[in-house]
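A short write-up of the structure that comes next.
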């Protein structure tokens, strides 16, 4: 049985893979929202919502 630290590390690694490919997860069938997606790392299921960055502004005057 894996220790909690190993489990958390594995789940963090799974979510890190979403950074370059956020749409790589599949749409969650229970939600009627294409922005809600999931990745599965058995026996865990990570459900997330796609959120975009609207703008980046330089605040220096």
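Numbering (this note's numbering), first residue to last: -8 to 52. We put the CB at the ideal spot given by N, CA and C, even for glycine.
Could you spell out the range, first to last residue, of the alpha helix (DSSP H) harbouring residue 32?
Within the chain shown, numbered from 1, the residue matching residue 32 stands at position 41. Careful: residue 32 lies outside any alpha helix (DSSP H), inside the beta strand (DSSP E) at 27 to 32.
Is the number of C-beta pairs between the segment -1 to 6 and the segment 18 to 32 that are closer than 8 Å three or more?
In this structure the segment -1 to 6 touches the segment 18 to 32; the number of beta carbon pairs closer than 8 Å is three or more.
Please confirm whether residue 42 and residue 28 have their CB atoms less than 8 Å apart.
The residue given as residue 42 occupies position 51 in the chain shown. The residue given as residue 28 occupies position 37 in the chain shown. Remark: C-beta atoms of residue 42 and residue 28 do not approach each other more closely than 8 Å.
With DSSP collapsed to three states, give me the class of residue 1.
Translated into positions along the chain shown, residue 1 becomes position 10. In the three-state reduction of the DSSP assignment, residue 1 falls in the helix class.
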